[in-house]
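Residue numbers (numbering that gives the first Met the number 0): 0 to 183. The C-beta atom is built at its ideal place from N, Cα and C for all residues, glycine as well. What you are looking at is a predicted structure, and each value in this text was computed from that prediction instead of being measured.
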Amino acid sequence: MYNTLNNMPEHHHPMGKYVLPEPYPEINVSAKNPFYAGLLLDDYASQKSELNAINQYFYHHLRFKDVGLQDIAELVVAISITEMHHLEMIGELILKLGGDPRFRGFQNNNNQYYSGEYVYYGNHVLEMLSADIEAEKGAIQQYRRHVDQIQDPFIKAILNRIIMDEEYHLKLFMEAYRKYSAKS
Ligand SMILES: [Fe+2]
Ligand SMILES: [Fe+2]
Numbered sequence: 000m001y002n003t004l005n006n007m008p009e010h011h012h013p014m015g016k017y018v019l020p021e022p023y024p025e026i027n028v029s030a031k032n033p034f035y036a037g038l039l040l041d042d043y044a045s046q047k048s049e050l051n052a053i054n055q056y057f058y059h060h061l062r063f064k065d066v067g068l069q070d071i072a073e074l075v076v077a078i079s080i081t082e083m084h085h086l087e088m089i090g091e092l093i094l095k096l097g098g099d100p101r102f103r104g105f106q107n108n109n110n111q112y113y114s115g116e117y118v119y120y121g122n123h124v125l126e127m128l129s130a131d132i133e134a135e136k137g138a139i140q141q142y143r144r145h146v147d148q149i150q151d152p153f154i155k156a157i158l159n160r161i162i163m164d165e166e167y168h169l170k171l172f173m174e175a176y177r178k179y180s181a182k183s
């Protein structure tokens, strides 16, 4: 979806400072593997997943915008859109591995369909930002575990590139948290 855009020089990118300029590796797998597809379903749509990050950051975008916090509102929606690009890449991998990218986790989630109850909604700005910081930390941890468990070099390269984005998101959320807590 945003592959072409994300491979453009940073200053030409409509999401500018919110995305890293490094290109994404080719979306490919060495062979079909239902076990790997199951691991990736947890990154795709479990409680700790790209789908949940998209929804949580989007909800926080609405709340921040509503109280006039334009800069934080813009940050979280840009990151939500990047998570949608991750969702697309993980979904394509699941299909190539022979899985079905319906919205449900696998191991973490006992094969349950995704629920809007997984979102950490929150009521205060710092509470929402710290939930977003925790979501990124959890994503990094889970992706690192999957990089260790998955022996396919194509998938490892893609997950490692996604981890770079999640580390950048963590940095941006922590900066926003510090900036806002200094103000309040
Ligand atoms: Fe992500
Ligand atoms: Fe992220």
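*When you compare only the Cα positions, how much space is there between R143 and R62?*
On the sequence shown, residue 143 is found 144 positions in, with the first residue counted as 1. On the sequence shown, residue 62 is found 63 positions in, with the first residue counted as 1. Going from the Cα of R143 to the Cα of R62 covers about 31 Å.
Would you call the region 82-98 and the region 43-53 touching, i.e. three or more CB-CB distances under 8 Å? The region 82-98 is in contact with the region 43-53.
Fill in: Limits of the alpha helix (DSSP H) - the one that S180 falls within
Counting from 1 along the sequence shown, the entry for residue 180 is found at position 181. Residue range P152 to K182 is occupied by the alpha helix (DSSP H) that includes S180.
Between the C-alpha atoms of E133 and A30, what's the straight-line distance to the nearest angstrom?
Indexing the sequence shown from 1 puts residue 133 at position 134. Indexing the sequence shown from 1 puts residue 30 at position 31. Distance between the alpha carbons of E133 and A30 is about 34 Å.
Check your understanding: Across which residues does DSSP place R103 in a beta bridge pair?
Key -> Against the sequence shown, residue 103 aligns to sequence position 104. Answer is Y112.
* Asked: For D164, is the beta carbon positioned less than 7 Å from some heavy atom of ligand 2?
  -> Position 165 of the sequence shown, counted from the start, is the residue given in the question as residue 164. Indeed, a heavy atom of ligand 2 lies less than 7 Å from the Cβ.
Query raised in the report: Cα separation between M0 and Y113?
Result: Counting from one through the sequence shown, the residue named residue 0 turns up at place 1. Counting from one through the sequence shown, the residue named residue 113 turns up at place 114. Legend: pLDDT at M0 = 41, less than 50; position of this residue unreliable, value from coordinates given subsequently. If I take the Cα positions, the gap works out to 22 Å.
For the 8 Å Cβ check, are there 3 or more pairs between the region 54-61 and the region 109-126? yes
Requested in this report: Please state whether DSSP places Y17 in a helix, a strand or coil.
Outcome: On the sequence shown, position 18 is the one that residue 17 refers to. Looking at Y17 - three-state DSSP - the assignment turns out to be helix.
Taking the CB atoms as reference points, tell me whether Y23 and I154 lie closer together than 8 Å. Within the sequence shown, residue 23 is the residue found at index 24, counting from 1. Within the sequence shown, residue 154 is the residue found at index 155, counting from 1. Cβ atoms of Y23 and I154: not closer than 8 Å.
- Task: List the endpoints of the continuous alpha helix (DSSP H) containing V28.
- Result: Locating residue 28 in the sequence shown gives position 29, counting from the first residue. Run containing V28: none; DSSP gives neither H nor E here.
* Asked: Which residue's Cα is closest to the Cα of F42: H168, V76, Y179 and P100?
  -> Counting from one through the sequence shown, the residue named residue 42 turns up at place 43. Checking the sequence, you will find Asp at residue 42 rather than Phe. With distances taken between Cα atoms, D42 lies closest to P100.
Cβ separation of L96 and Y179, assumed to be a contact under 8 Å, to the nearest whole Å: Position 97 of the sequence shown, counted from the first residue, corresponds to residue 96. Position 180 of the sequence shown, counted from the first residue, corresponds to residue 179. The Cβ separation is near 41 Å, so there is no contact.
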